[in-house]
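Here the protein sequences line up with chains A, B and C, keeping their order. Going by our numbering, the first sequence opens with residue 3, and the numbers climb by one from there. Going by our numbering, the second sequence opens with residue 3, and the numbers climb by one from there. Going by our numbering, the third sequence opens with residue 3, and the numbers climb by one from there. Heads up, the thing below is written out as structure tokens.
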Amino acid sequence: MNGTSELSSARFFDPEPVQRRLAQQLYDSVANLPIVSPHGHVDPNLFADETARFGSPAELLIIPDHYVFRMLYSQGIPLESLGVPRLDGGPVEQDQRKIWQIFADHFYLFRGTPTGVWLAHELSIVFDCQLPLNSATAQEIYTHLENCLAAPEFQPRRLFERFNIEVLCTTDAAWDRLEAHQTIRASGWQGNIRPTFRPDGVVNLDAPGWKANLDKLNQASGIEISSLARLIEALEIQRAHFKSMGATATDHAAVVPLTQMLSPMEAEAIFQRALLGELSGEDIQRFSGHMLMEMARMSVEDGLVMQIHAGSLRNHNSIIFERFGLDKGADIPIATQFSRNLQPLLERFGNDPRLRLILFTLDETTYARELAPLAGHYPAVLLGPPWWFHDSLNGMRRYFDQVIETAGLYNTAGFNDDTRAFPSIPARHDVWRRASANWLAGQVLQGIIQEADAAEMIVDLAAGLARRAYRLPSK
Amino acid sequence: MNGTSELSSARFFDPEPVQRRLAQQLYDSVANLPIVSPHGHVDPNLFADETARFGSPAELLIIPDHYVFRMLYSQGIPLESLGVPRLDGGPVEQDQRKIWQIFADHFYLFRGTPTGVWLAHELSIVFDCQLPLNSATAQEIYTHLENCLAAPEFQPRRLFERFNIEVLCTTDAAWDRLEAHQTIRASGWQGNIRPTFRPDGVVNLDAPGWKANLDKLNQASGIEISSLARLIEALEIQRAHFKSMGATATDHAAVVPLTQMLSPMEAEAIFQRALLGELSGEDIQRFSGHMLMEMARMSVEDGLVMQIHAGSLRNHNSIIFERFGLDKGADIPIATQFSRNLQPLLERFGNDPRLRLILFTLDETTYARELAPLAGHYPAVLLGPPWWFHDSLNGMRRYFDQVIETAGLYNTAGFNDDTRAFPSIPARHDVWRRASANWLAGQVLQGIIQEADAAEMIVDLAAGLARRAYRLPSK
Amino acid sequence: MNGTSELSSARFFDPEPVQRRLAQQLYDSVANLPIVSPHGHVDPNLFADETARFGSPAELLIIPDHYVFRMLYSQGIPLESLGVPRLDGGPVEQDQRKIWQIFADHFYLFRGTPTGVWLAHELSIVFDCQLPLNSATAQEIYTHLENCLAAPEFQPRRLFERFNIEVLCTTDAAWDRLEAHQTIRASGWQGNIRPTFRPDGVVNLDAPGWKANLDKLNQASGIEISSLARLIEALEIQRAHFKSMGATATDHAAVVPLTQMLSPMEAEAIFQRALLGELSGEDIQRFSGHMLMEMARMSVEDGLVMQIHAGSLRNHNSIIFERFGLDKGADIPIATQFSRNLQPLLERFGNDPRLRLILFTLDETTYARELAPLAGHYPAVLLGPPWWFHDSLNGMRRYFDQVIETAGLYNTAGFNDDTRAFPSIPARHDVWRRASANWLAGQVLQGIIQEADAAEMIVDLAAGLARRAYRLPSK
């Protein structure tokens, strides 16, 4: 048999029988806890409309998921043949079954990958399909999924309930009016969905569409953004709006996590050059470093938890970027340094208990070298879970291995699924819970952690740490 | 007992009995497959002469092997006492048994090292010598090896056949006339030995003997290399010659894998300065970055697979370099970055399925951070196996651990032995096959990979991936 | 039960029964060997006075230990409430039982950390206290410890003897007159305590109190330090003094391990600028790079083993530094490169068997990439054990994993406890011996190392390598 069916109930645990047994026991104690999802990219519109549907199996599982199509592309399969829309509206494959067949024909490429693991979980558990996915079974599975997706119990709100999601935080541009969130709240539906404030599109001066973003922020906030002072005012207004809609956090992307306070005059001058389209030299980096300081200051004041996701060189492949746009699997990490870059921010705000700063990295060398020591000293700092390429079984093992000894468990932020693929959420949390249980079992059997302590820690790992880190109310 | 005899048939497998059993089963299925050796440094002259011999045991196993003598040197043993020839022809130890005795006296230094593992395999399996190597057994083992090497079945061609080598690719300077390769072909012997085109000595302007190399290329190609355009012409002629002799690949060393297209005027100007011996500032790096672009362009055109081996700071120890020359164990790796450095080349050629670019690193931090994401996106990129210091059991484990989740197995290039030590080839491939089997067994037992899939993957790992990566015909 | 009691006799060994058994057997063979402690920061005054005492449990285990209070601080507990003295003499908690209670209330923070592991060992084995430490047991344990510390068998010299310490090397400023060491020697007590020469405070021109340090060196050496030449003379005098008092080593901290010989004129000019308080640009780094060359030259001449500890960015948090001073848990590592930085020193002295240079890193990426290749080539270089944040079970596993294959065991320097927490010394060596035994057991069971060899290697790891590396006489 060829494929990914037959999910073992002991999957991801160490083969050694005693460790396996203890891991299973720890896992079982949290397997059914509600899901806390404090950071991700699910579209809130899915839940705004009671009757929303997910579309075809290909529209659900392939076309929007850059984890999936980048792997196919890496083996020479054109994105057009997978139905990925072109920016110029040029022709791409429309036949959903054909797209699905290509995917199934190449599903072997995902052997040993987290995407393979998640998809196996989704097919088997979310869609109750026990066939292995391959060329021969592709169409039968497609039909099965299509039938599922047509059923009312596969509407987004129903899956949200079935997945037992306690809270789901979305990521929303600073200029977003949060209409979907308002609709959800107004609908009377009990799903707990919260926005997250992400200002990258206006504070990173090289963001695609920066000027247009500024106009949108202008309109959303009612502030005419003619100066940096007005930009800051507009951001503060929008933060308050987000907070009133349930937001507990902000999110910031930085290629390099530089922080530094500029003189008001210099900061304003850069902003004016940006308005005139006359940026020079290091303007962009200096400005974003300054704005991270401003954002930390605002977080101290309004209590929104600050997240920094650093080190992704976006849109590495300009051919793909120009034809298909952002988020097409062509973002490549770079070496990142935090110790010096964050020093100005941490010296100024890192001792203040009102600030909570959660750091994410794509450069695992920083775990033990920089991030764990920072989180293990500064009251403000927590270390986010393994991110993106490292949101995987090995990534989690390396994270536990390199972080906990120095930072301790309680300077970490639990788990984020960070996904735009809604039906993969249970799979991702399941991987984390299993990896956590297996790690704890190993610690107990090596006499490092007491079994009774491990029983508490697995509950923290499954949900408690994330709740606390993001200042989310317990249910 | 002190030494390395008693090769266990389950060596290198996890101690856990169930994993060990499955690893053994996977390994057994490929243990006898032919060896595909697509990249290495064996001297083709060994096979050009039907009657060639390997020399003394010390000449075979110590004097030419910098993996061996660097370790002895690190403990204060002069290279002269090991018979390593001096450039000035000064006196070095000539007594082969004395050299061997020093080696045996210090063989404990290799405990836990790949060199120790390979030598144990060679002694036990290639030479059928089951004594452990130490001070007491040194001379008896020497006699045994001497007797072996005198026997006809230890002639290079006979070992090639006994090793079941399907194909062996050598590495040859761009100006090589491939006379040894021609002799092999003309001899009617069926051994499949192919050259690889390596132009470093002329495209790296600081290569030792650059001017002399250029003259040799001039003579080999028949092109008077008075300009960059003529250099490129000469390289193209030689590539065609290599290809006609069976080459399927090129190889490029770069301290820093910078790529960038210069203007024709600038590139030519640098080349002219090099001819005049008037290089300045960044000329060398800019020129090699430009030539990597040219080489990629040629690979797109002629289909030769392009390899880049990056990040070795050669000849770190000038005392050793001046006395003994290149490749004396004094090459020290440095931190390497690929994401930005390769962007110009990948943007231009990385989407072209005609290009195949295999990347090698000595900086393992780039596996998960840069190389796996690049290989998991660009159609042209494959990731080469663990290289040099990392061609080891732990190196392989770290490679599987850090690469496969993001790149998938099918964006890797299988195994290279990369050796100049011909009798170590079976040992090196055996380590890889065992490490692969053990890794797959762990994946299966953790429920990540299906057992039936693993049975296919081990065959790919043992030979299939390398064949495909290097565009080598299946037998 | 909640805490860290119940030390398993098989702690830190792999759960797999066969490996566990072999690890136990290897460990048992060295568990009672004397402790060789060639590098650390224990105060020699503890042993100068026959009647010295350790103070309260909080004064012993919390207030001086930045490993402990940084973790509490990271969770928002003010250092004042832990009794850490303020530089300005401002009020801090004086109630030792209150401090202890806070510690116990938060002892769960240390789950899975080396500090947790060491404290568990200290309580259970050094103080024979089998209660788990938590809020409820805090005061009872405090009383128990207080009683212990009042007993004569807990005087420092008695614990030194009970710990079976063969030799303990302290770290002493270049200007130290070594009076405590002299008192120890004069007392007739047999404890073998040796100083180590540390000149950072005068050779790093930005060292806090540099000018005052220079004055002290002036007084200690009797040399008026008006020029670099006189500084070097003074250092040489003090080195001779240290050597006469039993020192076998020097120690050097470097943020960046740059080495380079300056012209005498430039070096002198920088020194004169330092005297005038007129340092500019790269003066500090260039000068320290030059002084490392001078120190290596002196080591060649006087045979003192040279240690370099690189890559710690000291006093990252200026609020903490200004209020509490140095060594308050706010030192954060940075990426470090050795290959290029050490080249000038190694080219000049690295082939000289009179030099022994032991390298320490906080950047584990350099283990396999740079340090193991350097140690595996240069006769002068040994690689120090996992340092500081990496002096932990995982840190040791990663070290063995990444270092031994390339450097071999015999280019490493055994173990250092590097601690100022005297009662943690047995715990730290126990962790190392157990980690070593477990690593060797794994190597044996995987057929990489012969069992008889492992039996020798565990003895080297436990004590022999450290003795040899630091040129300490065997007892």
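Here a beta-carbon is modelled for each residue, glycine too, at the ideal position from N, C-alpha and C.
Test: residue i CB closer than 9 Å to a CB of chain B
i: P387/C; result: no
i: S126/A; result: no
i: S10/A; result: yes
i: F105/A; result: no
Below-9 Å beta-carbon distance, residue i vs any chain A residue
i: P266/C; result: no
i: G397/B; result: no
i: Y369/C; result: no
i: V302/B; result: no
i: N4/C; result: In this predicted model, N4/C has a pLDDT of only 38, less than 50, meaning its place in the structure is not dependable; the value taken from the coordinates is given anyway. Closer than 9 Å: yes.
Start-to-end residues for the beta strand (DSSP E) that takes in residue i
i: I167/B; result: 167-171
i: L384/C; result: 383-385
According to DSSP, residues forming a beta bridge with residue i
i: T363/B; result: A312/B
i: V119/C; result: Paired residue(s): none; V119/C is not in a bridge.
i: F199/C; result: D174/C, T252/C
i: S39/B; result: L170/B
i: T414/C; result: L385/C
i: I334/A; result: L315/A
i: V307/A; result: A251/A
Alpha helix (DSSP H) segment containing residue i, residue limits
i: H146/B; result: 140-152
i: Q345/C; result: 345-351
i: W102/A; result: 98-107
i: M459/B; result: 453-461
i: L237/A; result: 230-246
i: E395/B; result: The question names Glu, but residue 395/B is Leu in the sequence shown. First-last of the alpha helix (DSSP H) with L395/B: 395-409.
i: P375/C; result: 374-377
Proximity test, Cβ basis, 9 Å: residue i and chain C
i: A464/A; result: no
i: M308/A; result: no
i: A256/A; result: no
i: T173/B; result: no
i: R113/B; result: yes
i: P116/A; result: no
i: Q262/A; result: no
i: V119/B; result: yes
i: Q98/A; result: no
i: S7/A; result: In this predicted model, S7/A has a pLDDT of only 48, less than 50, meaning its place in the structure is not dependable enough to derive any value.
Practice problem: Can you give me, in chain order, the residues of the region 341-365 of chain A that have a beta carbon less than 8 Å from any beta carbon in chain C? | Solution: S341, R342, Q345, L348, E349, G352, N353, P355
Quiz item: Does the pairing of the region 76-89 of chain B with the region 115-135 of chain B give three or more beta-carbon distances under 8 Å?
Solution: no
Quiz item: At a cut of 8 Å, does the region 145-161 of chain A reach the region 51-65 of chain A through at least three beta carbon pairs?
Solution: yes
Practice problem: Output, in sequence order along the chain, the residues in the region 393-426 of chain B whose CB is closer than 9 Å to any CB in chain A. | Solution: F402, D403, Q404, I406, E407, T408, A409, G410, L411, Y412, N413
Practice problem: Check each residue of the region 14-39 of chain B: if its Cβ is closer than 7 Å to any Cβ of chain A, include it; give the result in chain order. | Solution: E18, V20, Q21
Quiz item: Taking any Cβ of chain B, which residues in the region 54-88 of chain A have a Cβ under 7 Å from it, in chain order?
Solution: R72, M73, Y75, S76, Q77, G78
Exercise. Count the C-beta pairs between the region 443-458 of chain C and the region 140-154 of chain C that are closer than 8 Å, then say yes if the count reaches three, no if not.
Key: no
Exercise. Report yes or no: do three or more beta-carbon pairs, one from the region 360-370 of chain B and one from the region 103-116 of chain A, lie closer than 8 Å?
Key: no
Exercise. Select from the region 304-335 of chain A all residues with a C-beta closer than 7 Å to any C-beta belonging to chain B, and list them in chain order.
Key: L315, H318, N319, S320, I321, G331, A332, I334, P335
Quiz item: Between the region 269-278 of chain A and the region 235-254 of chain A, do three or more beta carbon pairs fall short of 8 Å?
Solution: no
Practice problem: Could you name the residues of the region 226-256 of chain B whose beta carbon sits closer than 7 Å to any beta carbon of chain A, in the order they occur along the chain? | Solution: none
Practice problem: Name, going along the chain, the residues of the region 127-160 of chain B whose beta-carbon falls closer than 9 Å to a beta-carbon of chain C. | Solution: P134
Quiz item: If you measure beta-carbon to beta-carbon, which residues of the region 445-475 of chain C are closer than 7 Å to chain B?
Solution: Q445, L447, Q448, G449, I450, I451, Q452, A454, D455, M459
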